[in-house]
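One structure is given below, encoded as structure tokens.
Residue numbers (full-length UniProt numbering): 1 to 254.
Below you can see the structure in the form of structure tokens.
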């Protein structure tokens, strides 16, 4: 569990407060294609957003994250068991889950160790692995122009290299399971300007910018957003969701 790239522990409370919520329809679909609904696992669970949505469809949900601070700030649910553990070595029993999910997390994992762990954890009779990610926020017009400039120019040199996998919609990642075609899903919420600014503070590149330069890029981008925002108190925000979903241990047993 030592040595993981901890981009988010220091902002665990902000992460819980400002990150968007995944669509409920995604988890209903995953539950339908899973071979059973006894147990699911949320890998790199962060504050538990995925875990609690899985918990509405599965009898038991395990949720693991190497950040103790993220687990400390996780959303409680009666049938969710949180553990401080890396995705590559969860400590869970062999063959204990029907579905493994990783929301906005797969790009941080050590693939050579992670995928064998998924195979170990999924039931020998088969199960589902689903990884999903959302990219750059979309709000339309001048606000998008400000956010794109912040993302691609101001923070260009501060994103970790793993971010390229998010930008590719996870198509650049290795994926060793037979894939299942997924419906189109998107995250859609209505936010005011303070919520948007709070969300930007959770970006890993903002943390890196602050550490390397000793200054904060948020006040300047907030001023630009305020000018671009217009008179409306709130705006619709959207993130297209990219999914890679596959069958695990398929055909290992007759």
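C-beta atoms are modelled at their ideal positions from N, C-alpha and C, and glycine is treated no differently. As the structure is a computational prediction, the values presented were derived from the model and not from experiment.
Strand pairing of residue i, partner residues [DSSP]
{"i": "residue 255", "result": "Residue 255 lies beyond the stretch modelled for the chain, which goes from 1 to 254, so this question has no answer here."}
{"i": "residue 129", "result": "100 and 246"}
{"i": "residue 61", "result": "40 and 80"}
{"i": "residue 138", "result": "238"}
{"i": "residue 186", "result": "240"}
{"i": "residue 179", "result": "246"}
Pair within 9 Å by beta-carbon distance, residue i and residue j
{"i": "residue 39", "j": "residue 59", "result": "yes"}
{"i": "residue 155", "j": "residue 206", "result": "yes"}
{"i": "residue 41", "j": "residue 100", "result": "yes"}
{"i": "residue 51", "j": "residue 87", "result": "no"}
{"i": "residue 130", "j": "residue 44", "result": "no"}
{"i": "residue 123", "j": "residue 178", "result": "no"}
{"i": "residue 190", "j": "residue 237", "result": "yes"}
{"i": "residue 34", "j": "residue 56", "result": "no"}
{"i": "residue 225", "j": "residue 143", "result": "yes"}
{"i": "residue 243", "j": "residue 20", "result": "no"}
{"i": "residue 53", "j": "residue 26", "result": "yes"}
{"i": "residue 48", "j": "residue 77", "result": "yes"}
{"i": "residue 141", "j": "residue 105", "result": "no"}
{"i": "residue 192", "j": "residue 235", "result": "yes"}
Extent of the continuous alpha helix (DSSP H) to which residue i belongs
{"i": "residue 80", "result": "Taken as a continuous stretch (DSSP letters only), residue 80 belongs to no alpha helix (DSSP H), being part of the beta strand (DSSP E) at 80-84."}
{"i": "residue 71", "result": "68-72"}
{"i": "residue 146", "result": "141-149"}
{"i": "residue 205", "result": "204-213"}
{"i": "residue 115", "result": "111-121"}
{"i": "residue 165", "result": "163-167"}
{"i": "residue 88", "result": "Residue 88 -> no alpha helix (DSSP H), and no H or E assigned at all."}
{"i": "residue 153", "result": "It is not in any alpha helix (DSSP H) - residue 153 carries neither H nor E in the DSSP assignment."}
{"i": "residue 223", "result": "218-229"}
{"i": "residue 75", "result": "Per DSSP, residue 75 belongs to no alpha helix (DSSP H) and is neither H nor E."}
{"i": "residue 32", "result": "24-33"}
For residue j and residue i, believed in contact at Cβ under 8 Å, the rounded distance
{"i": "residue 158", "j": "residue 208", "result": "4 Å"}
{"i": "residue 134", "j": "residue 240", "result": "7 Å"}
{"i": "residue 120", "j": "residue 94", "result": "6 Å"}
{"i": "residue 147", "j": "residue 245", "result": "Actually they are not in contact, since the Cβ atoms of residue 147 and residue 245 sit about 29 Å apart, beyond 8 Å."}
{"i": "residue 90", "j": "residue 64", "result": "5 Å"}
{"i": "residue 197", "j": "residue 180", "result": "37 Å between Cβ atoms; not a contact."}
{"i": "residue 162", "j": "residue 107", "result": "4 Å"}
{"i": "residue 160", "j": "residue 204", "result": "6 Å"}
{"i": "residue 29", "j": "residue 183", "result": "6 Å"}
Beta strand (DSSP E) segment containing residue i, residue limits
{"i": "residue 50", "result": "Not the beta strand (DSSP E): residue 50 falls in the alpha helix (DSSP H), residues 49-54."}
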